[in-house]
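Numbering (our numbering), first residue to last: 1005 to 1226.
Positions of the beta carbon are idealized from the N, C-alpha and C atoms, including for glycine.
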């Protein structure tokens, strides 16, 4: 792996996505590598295009991120860290646009669902887009003054948009948990202190199968 590639961290989404923000906050010295899909982000690490991948697995409001738990076991990668990113949604518009001019708000379906109160108060029609940062980029390209998007402050900086309303999420505790994946595991010692272990397993399709699988942990105080 070249020196430049060894300093990259891959994420799913366009520049300005919440995963981009998480990668920048957790690893400010690394170059963020945007990827169209989760599979592409994982493949970037496996193929040597990036050293790490920042992948969301669950959100405190929306729950589990779909498909991730199916992708990780077959990725051939190792979880080497986790990161918790406080999600702050911003209502973005073109510079100079007034709230009274807005008719629609565009974003990823999860972002729209996490900002229902603000959307209702502004009487905007919610339009689902592929992702938050992509909606911000498209607004900049189209120049539609009737549009608002829900995205991050980083997206506003990248695409030259105005933060019309800050922190419009319904829940103040809105947080996404990310796992950081690498091609090689990091060896830890007992002296390093407590560590988190993640594993994926299947149970038989019989009554109480999950209870029996987890019961041993509960009995031993884990």
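- When secondary structure is reduced to three states using DSSP, residue 1114 falls in the helix class.
- Residue 1053 sits in coil when the DSSP states are folded into three classes, being neither helix nor strand.
- In the structure shown, residue 1170 adopts coil according to DSSP, grouped into three states.
- For residue 1082, DSSP records a beta bridge to 1186.
- Taking a 10 Å sphere around the C-beta of residue 1136, we find 16 or more other C-beta atoms and assign the residue as buried.
- Using a Cβ distance threshold of 8 Å, residue 1093 and residue 1030 do not count as a contacting pair.
- Shortest Cα-Cα distance from residue 1132 to any of 1154, 1147 and 1125 involves 1154.
- When 1171, 1147, 1176 and 1180 are compared, the shortest CA-CA separation from residue 1164 is found for 1147.
- For residue 1074, no pairing in a beta bridge is given by DSSP.
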